[in-house]
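Here is the structure we will look at, set down as C-alpha cells.
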C-alpha cells in the first residue's frame with residue numbers, strides 16, 4: 001500500500017511543475033504591457049518604467065525569473081493583491097472554507113440522490129422510472145448552471161420566498177469565524193436561528209452547483225451497476241441464498257463503486273469551475289467569486305495565485321481519489 | 337425407489353417475448369435420488385445450464401420457468417416464496433459454476449465470502465465462523481489454508497478459486513450439489529483432481545451430485561446415471577455402463593463416437609455434422625433429424641416421445657439395438 005502511495009504521489013511533481021510554468025508565463029501573456037498591468041500605473045515616464053522593470057525583476061533572463069517565482073511559491077509567497085495589498089495566500093485561505101463548504105454540500109447532494117437513483121434505475125432498467133431518471137439527469141447535465149441557478153432563485157427565493165437570495169448568513173448574525181465553515185460556526189455560536197439561516201443560504205447554491213455532478217453520478221452508477229449485475233459473482237452471491245439487499249447493496253455495489261469513485265474525483269474540477277458561476281450569482285464569498293472579481297480588476301497576482309492554488313487542490317484531491325480507488329479495489333492495491 | 341430428492345416434471349424455460357418465445361428447455365423430466373451422482377451431458381445450447389439455473393431459481397426476467405412440478409425433497413419450489421427459496425439456496429441446494437475466476441467477488445477476501453454463506457444460513461460467533469471457514473478450506477485441500485483465508489480472488493489460481501467455490505458450496509452440508517462444467521475452465525492436470533475432490537466430498541457427505549458437462553469421459557469416471565440432453569430435451573437416460581456399452585439414441589451413439597479414445601489411429605476425430613438448432617431453425621418432427629445418420633420419414637414428421645422405465649429412457653422412433661443399428665422396423669426409404 002505504501003509503495004502504491006509513493007507511485008501515485010510521485011506523479012504530482014511533474015504536474016505541479018507544469019502548472020507553475022503555465023501560471024508563470026501568464027504574466028507574459030497579459031494583454032497590453034506587463035509592467036503597467038502589474039503596477040496598475042498608466043502613462044509613466046521612461047525612467048520610472050525602467051525602475052519598475054528592474055523592481056519587478058522583469059529585466060532578468062526568463063529562467064532566472066521562473067526559478068525565483070518557483071522559489072517564492074514553494075515558500076508560500078504568492079505575491080500581493082494589487083487592489084488590496086493583502087497577501088494572496090492569506091486572502092485565499094480566508095475565502096477557501098466558504099468554497100469547500102459549498103462544494104462539499106453540493107457533492108453530498110449529488111451522492112445522496114445520484115447513487116440511489118442510479119442503482120434503482122439499473123435495477124428497474126427499461127421501465128418508466130429508469131427513463132425518468134436518465135431523462136432528468138440528462139436535462140440537469142445539459143442545463144447551463146447560471147440559468148438553472150437563476151431559475152432556482154426566481155422560484156424559491158422570489159416567488160415562494162422560502163430562501164434568501166444571496167450571501168452565506170443573515171446580516172443580523174455576527175459570528176466569529178472559528179472554522180470558516182458557516183454551518184459549523186453557526187452551531188458553535190449557540191445563537192438561536194443562526195444554523196437555520198446558514199442552511200437556508202446554503203441550500204440553493206448547493207443544489208445549483210451539485211446538479212451536474214448529480215447527473216454524472218446517477219448515470220455512471222446506473223451503467224456501472226448494469227455491467228456488474230451481469231457478472232458471474234453476482235450469480236454466485238444469489239446462489240448462496242443471500243438477500244436481494246446483500247446481493248445488490250454489497251456484492252454488486254462494491255464493484256460498481258470503483259468507476260463511480262473515479263468519476264467523483266474528476267467532478268472536483270467541475271465543482272471548482274462551477275463555483276465561479278454559482279458564487280458569483282449567489283454572492284457567495286468564496287474563491288470563485290474572488291477570482292472573477294480579480295479578473296475584472298486585472299489583479300494579476302491574485303489571478304495567478306488563485307489558478308495555481310485551485311489547480312494544486314484539484315491535483316491533491318485526485319491523488320486522494322486514486323488512493324481511495326486502491327482501498328476499494330484490491331486488484332489495484334496489490335498490482336506492482 | 338425412495339423418495340426422490342429432486343423431482344422435475346415437464347420443465348419448460350422460455351426466453352424472448354410471449355409472441356416469439358425461444359425455448360431453452362422443452363419439457364424436461366429429471367429425477368435425482370438422495371446421494372446419487374447424475375451426469376447431464378450435451379452440446380453447448382442443449383439446455384444443461386439453463387436447467388440447473390431453473391432449479392436454483394436464478395432465471396431472470398424475461399426468462400419464464402414453468403413445470404408440472406419442480407420439487408425438492410417433496411417441497412414445491414415454484415410455489416415457494418422468494419425468501420423461502422433463498423433459505424434453501426446455499427444451504428440445501430448449492431451450485432458451483434464453470435468459470436471460477438469470475439465467480440468469486442474480486443472485492444472481498446476468501447474468508448469474507450466463505451463466512452458470509454455460513455453466517456446467513458447458520459450464524460455463530462465471529463471466531464467460530466472463522467474456524468469453520470478454515471476447516472472448510474482444509475477439506476477442499478487448499479494448501480496453506482490459514483494464509484489463503486485473507487487472500488483476494490485475484491491472488492488465487494483457477495484451480496484454487498474453484499476449490500474455494502466448492503468450499504463455499506459445501507459449507508452448509510447441502511443435500512444436492514449442482515456442478516455446472518466445474519472443470520471446463522481448469523488446466524487439464526487440475527481437472528482430474530477437481531473431479532476426485534467432488535466425488536470424495538460426495539461420498540463422505542452422502543450428498544447428491546448433479547454434474548453438468550459436455551465431456552462424456554468425465555461422466556464415465558464419475559456418474560452412476562447419465563442424462564443426455566439435446567436442444568432442450570432429454571433424449572436418453574440410463575445407467576452409465578449400459579449407455580457407454582450400448583447407447584440407444586443415435587445422438588448418444590454419435591457423441592460416444594466422437595470421444596478421442598474411440599478414435600485412436602484415425603486421421604480425424606468423428607464429429608456430428610451441423611449445430612444444435614437455434615431460435616429460428618427448430619426442425620419439425622424429431623429435433624435431431626437434420627443431423628441424424630438414420631433419419632427416416634417418420635423422424636421428419638412426428639416428434640418422438642420419451643419411452644422406457646425409470647431405469648432407462650430413450651426418445652427415438654427407431655431406438656438402437658444392442659448391435660448399434662436402428663430397430664423398430666427402420667427403413668430409410670419408407
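Residue numbers (this note's numbering), protein chains in the order written: chain A, 1 to 336; chain B, 337 to 670.
C-beta: ideal position from N, C-alpha, C; glycine also.
- Query: In the segment 224 to 301 of chain A, which residue ranges form an unbroken alpha helix (DSSP H) of at least 4 residues, counting only runs that do not cross its ends?
  - Reply: For the segment 224 to 301 of chain A, whole alpha helix (DSSP H) runs of length 4 or above, ordered along the chain, are 232 to 239, 253 to 282, 287 to 296.
- Task: Might you give, ordered along the chain, the residues of its own chain that have their beta carbon closer than 6 Å to the beta carbon of residue 652 of chain B, omitting 5 neighbours on each side?
- Result: Correct list, in chain order: 585, 640.
- First through last residue of the alpha helix (DSSP H) which encompasses residue 430 of chain B: Element bounds for residue 430 of chain B: not the alpha helix (DSSP H) but the beta strand (DSSP E), 429 to 432.
- Query: Under 7 Å between C-beta atoms, does residue 289 of chain A make it to chain B?
  - Reply: With respect to chain B, the C-beta atom of residue 289 of chain A has no partner C-beta closer than 7 Å.
- residue 401 of chain B: which of B:649, B:354, B:591 sits nearest, CA to CA? It is B:354 whose Cα lies nearest to the Cα of residue 401 of chain B.
- Return the chain-ordered ranges of every beta strand (DSSP E) run that is complete within the segment 560 to 598 of chain B and spans a minimum of 3 residues. Counting only runs of 3 or more, we get 561 to 566, 569 to 575.
- Candidates A:298, A:249, A:332, of which the one nearest residue 83 of chain A by Cα: A:298
- Taking DSSP as the reference, what is the three-state secondary structure of residue 336 of chain A? Confidence in residue 336 of chain A is poor, its pLDDT being 44 and thus under 50, which makes the residue's placement unreliable; the coordinate value appears in the next sentence. Residue 336 of chain A falls in the coil class under three-state DSSP.
- Task: Identify every residue that forms a DSSP beta bridge with residue 101 of chain A.
- Result: Paired residues: none, contrary to the question.
- Item | Per-residue contacts from residue 456 of chain B into chain A (C-beta, under 9 Å) | 240, 241, 242, 243, 246
- Message: Going by C-alpha to C-alpha distance, which of B:528, B:572, B:631 sits closest to residue 558 of chain B?
- Response: B:528
- Count the CB pairs spanning the segment 484 to 498 of chain B and the segment 412 to 419 of chain B that are closer than 8 Å, and state whether there are at least three. no
- Item | For residue 350 of chain B, the three-state DSSP class (helix, strand or coil) | strand
- Task: Look at the Cβ atom of residue 574 of chain B, then the Cβ atom of residue 655 of chain B, and state whether they are nearer than 7 Å.
- Result: no
- Message: Looking only at its chain, what residues have a beta carbon closer than 6 Å to the beta carbon of residue 170 of chain A, apart from the 5 residues adjacent to it on each side?
- Response: Exclusion of the five residues before and after residue 170 of chain A leaves 197 as the residues of its chain whose Cβ lies within less than 6 Å of its Cβ.
- Residue burial classification, residue 577 of chain B (beta-carbon count within 10 angstroms, cutoff 16): It is exposed - the Cβ of residue 577 of chain B has fewer than 16 other Cβ atoms within 10 Å.
- With residue 341 of chain B and residue 512 of chain B assumed to form a contact (beta carbons below 8 Å), what rounded beta-carbon distance in angstroms separates them? That belief holds up - the Cβ atoms of residue 341 of chain B and residue 512 of chain B are roughly 6 Å apart, short of 8 Å.
- Item | Nearest neighbour of residue 179 of chain A, chosen from A:97, A:139, A:317, A:49 [CA to CA] | A:97
- chain B contact for residue 230 of chain A (CB, 7 Å cutoff): no
- Under 7 Å between the Cβ atoms of residue 422 of chain B and residue 241 of chain A? yes
- Item | Beta-carbon proximity of residue 323 of chain A to residue 221 of chain A, cut-off 7 Å | no
- Under 7 Å Cβ-Cβ, which residues of chain E neighbour residue 251 of chain A? Here chain E cannot be found, since the structure's protein chains are A and B.
- Taking 7 Å as the CB-CB limit, is residue 483 of chain B close to chain A? no
- residue 80 of chain A in three-state terms, based on DSSP: strand
- In whole angstroms, what separates the C-alpha of residue 668 of chain B from that of residue 628 of chain B? 12 Å
- Under 8 Å Cβ-Cβ, which residues of chain A neighbour residue 462 of chain B? Close partners of residue 462 of chain B in chain A (Cβ separation under 8 Å) are lacking, with about 18 Å as the shortest Cβ gap.
- Would you say the segment 279 to 297 of chain A touches the segment 120 to 135 of chain A, given that touching needs at least three Cβ pairs under 8 Å? no
- For the candidate residues A:104, A:227, A:243, whose alpha-carbon lies nearest to that of residue 182 of chain A? A:104
- Task: Would you mind reading off the limits of the alpha helix (DSSP H) that contains residue 419 of chain B?
- Result: 418 to 424
- Given a cut-off of 7 Å, decide if residue 642 of chain B and residue 375 of chain B are closer than it, judged by their beta-carbon atoms. no
- Host alpha helix (DSSP H) of residue 39 of chain A (start-end): 34 to 39
- Counting only beta-carbon atoms, is residue 415 of chain B nearer than 7 Å to chain A? No, residue 415 of chain B does not count as interfacial toward chain A.
- Apart from the five residues on each side of it in sequence, which residues of its chain come closer than 8 Å, Cβ to Cβ, to residue 329 of chain A? Same-chain partners within the cutoff: 258.
- Message: Three Cβ pairs or more, each shorter than 8 Å: is that satisfied between the segment 59 to 73 of chain A and the segment 134 to 148 of chain A?
- Response: no
- residue 660 of chain B versus B:396, B:550, B:580, residue with shortest Cα-Cα distance: B:580
- Which value, in whole angstroms, describes the spacing of the CA atoms of residue 617 of chain B and residue 426 of chain B? Just so you know, the alpha carbons of residue 617 of chain B and residue 426 of chain B end up roughly 38 Å apart.
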